[in-house]
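*Asks:* Okay, so the sequence shown: first residue is 1081 according to this note's numbering, each after it adds one.
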Amino acid sequence: MFIDEVIIELNAGRGGNGCMAFRREKYVEMGGPFGGNGGHGGNIIFEVDEGLNTLIDLRYKKIYKAKQGAHGEGKGCNGKNAEDLIIKVPVGTVITDIDTNLIIGDLTKNGDRVIAANGGRGGRGNMAFATRANPAPAFCENGEPGEVKKVKVELKLLADVGLVGMPSVGKSTFISKISAAKPKIAAYHFTTLTPNLGVVKTTDNRSFVVADLPGLIEGASLGEGLGDKFLKHIERTRVIAHIIDMSAFEGRDPIEDYKVINKELENFNKKIMDKPQIIIANKMDMESSSENFKKFTSEIGIPVYPISAITGEGIDKVLIHLADMLDKIEKQPLYEDEKFESHVLYKFKKEQPYRIEKQGDTFVVIGDEIEKILKMTWFASDEAFRRFSKKLRRLGIDDKLKEMGIKEGDTVRILDYEFEYKD
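1) Using the C-alpha atoms, what's the distance from residue 1227 back to residue 1465?
2) Within 8 Å, do at least three Cβ pairs link the stretch 1229-1241 to the stretch 1101-1112?
3) DSSP state of residue 1254, grouped into three classes?
4) Tell me, which residues are paired with residue 1317 by DSSP?
5) Per DSSP, what are the beta-bridge partners of residue 1144 in this structure?
6) What's the call for residue 1302, buried or exposed, on a 16-neighbour Cβ count within 10 Å?
7) Pull up the distance between the alpha-carbon of residue 1128 and that of residue 1489, whole angstroms please.
8) Residues in the same chain with beta-carbon distance under 7 Å from residue 1502, minus the five sequence neighbours each way, listed in chain order, please.
9) Tell me whether residue 1339 sits in a helix, a strand or coil according to DSSP, three-state version.
10) For residue 1497, which residues in the same chain have their Cβ closer than 6 Å to its Cβ, ignoring the five residues on either side in sequence?
11) Quick check on the DSSP output: what are the complete alpha helix (DSSP H) runs of length 4 or more inside the stretch 1088-1175, in order along the chain?
12) Say whether the stretch 1119-1126 touches the stretch 1163-1171, bearing in mind that this needs 3 or more beta-carbon pairs closer than 8 Å, one atom from each stretch.
13) So residue 1173 packs on residue 1184, CB below 8 Å; how close in whole Å?
14) If you drop the 5 nearest sequence neighbours on each side, which residues of the same chain put their C-beta closer than 6 Å to that of residue 1366?
15) At what residue ranges does the stretch 1322-1371 contain a whole run of the beta strand (DSSP E), taking only runs of 3 or more?
16) When you compare only the Cα positions, how much space is there between residue 1093 and residue 1358?
17) Taking 7 Å as the threshold (C-beta atoms), are residue 1154 and residue 1202 in contact?
18) For a quick check, are the C-beta atoms of residue 1157 and residue 1223 less than 7 Å apart?
19) If I follow the unbroken alpha helix (DSSP H) through residue 1468, where does it start and stop?
20) Rounded to whole angstroms, what's the CA-CA distance from residue 1315 to residue 1391? Just pull it up for me.
21) Is any heavy atom in the ligand NAP found nearer than 6 Å to the beta carbon of residue 1287?
22) For residue 1144 and residue 1259, I'd like the C-alpha separation in whole angstroms.
23) Can you name the start and end residues of the beta strand (DSSP E) that residue 1249 belongs to?
24) Should the stretch 1204-1218 be called in touch with the stretch 1434-1444, which here means at least 3 C-beta pairs below 8 Å?
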């Protein structure tokens, strides 16, 4: 089964909690803090495996969770970092963050990998907080939560030449003649339900990859037929090869077919029209083809290569021309003008850190940074609570609450935690 697009949720591993401990040994005076740090949570990484050719392995599992880092321990022992969760994908996979619409990664070579969700750092043990002013801190830190993301994983085939055309113009027959691909071939529309890839070798020993895409029809870019599902596979190709049924056997006009296909390509992505094109006039073995060919070439005004995919006539000449074209065209990255997500900077993005809403008599503080501070605070210690309050004060929350008219004894809520306000 050919699966080329899935949406999954990624839950990176939480960091392990820091440890609050003190050194108590005979003959060791003033032992001091002795709690270690927690381990780093597991990252979620996408890695290319050239042995895969679809995303079917991702279809039946919607949530991927990495492991949590180990907690810190006494005697200054740090927790173990969690193993990264590696998700194998085919060559040509694009990962997009659905919430931000940023491209996380475009994986085009075997072994390429990208961190899609960062694991949380481990919480610090009380050893890490020792200072001259406070040589024996009685608090530690919980591990940082890992990133949670919903991503679209999309396969865009890597092919040098993309075959496009109306249904039943002979694309599958053509690719079966020029390569070892074995597409299903039958005398009805939409026989080809999935793209087919074939490696082609010319008579002068040059090779390239051809993709046969399911037949397009008018309105394909808007969802008609199968076109909107498979048009994305044309985006990576370096040359577009139009296959036209020059016999007009089904009553269609070859010139109109050519114009309709170009219109659908442009509607889907205008950049596609910048790619070099070649026109292959198929079914030249039929009686009506010669006259249609003359009319077509006089009106289109660009080179057209006549062939018969059934008999093989003219195919070698087309392949040589395609190889010549490819020799002059450099491979271009698909997203050279797009904005890629920076995994480090995005994690600590500096937006408005919080907002405060009044819900009845309760003041609700909302914001990723505030919620992270709350989750990493170990509230079992009065010293940790005072540190938490100081952090909020530094962020200006106290001043903002006073502006909003908070009074002594009012309730402040962050996530599920409620606090009583004291000036």
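Yeah, the Cβ is synthetic: ideal placement off N, Cα and C, and Gly gets one too.
*Replies:* Reading it off the structure:
1) 25 Å
2) no
3) helix
4) Answer is none; residue 1317 lacks a bridge partner.
5) 1090
6) For residue 1302, the predicted model reports a pLDDT of 45, less than 50, meaning its position is unreliable and no value from the coordinates is stated.
7) 57 Å
8) 1488
9) helix
10) none
11) 1136-1139
12) yes
13) Not really, about 11 Å apart at Cβ, beyond 8 Å.
14) 1327
15) 1357-1362
16) 50 Å
17) no
18) no
19) 1462-1474
20) 31 Å
21) The model on display carries no ligand, and the ligand NAP is accordingly not part of it.
22) 38 Å
23) Neither: residue 1249 is in no beta strand (DSSP E) and is coded neither H nor E.
24) no
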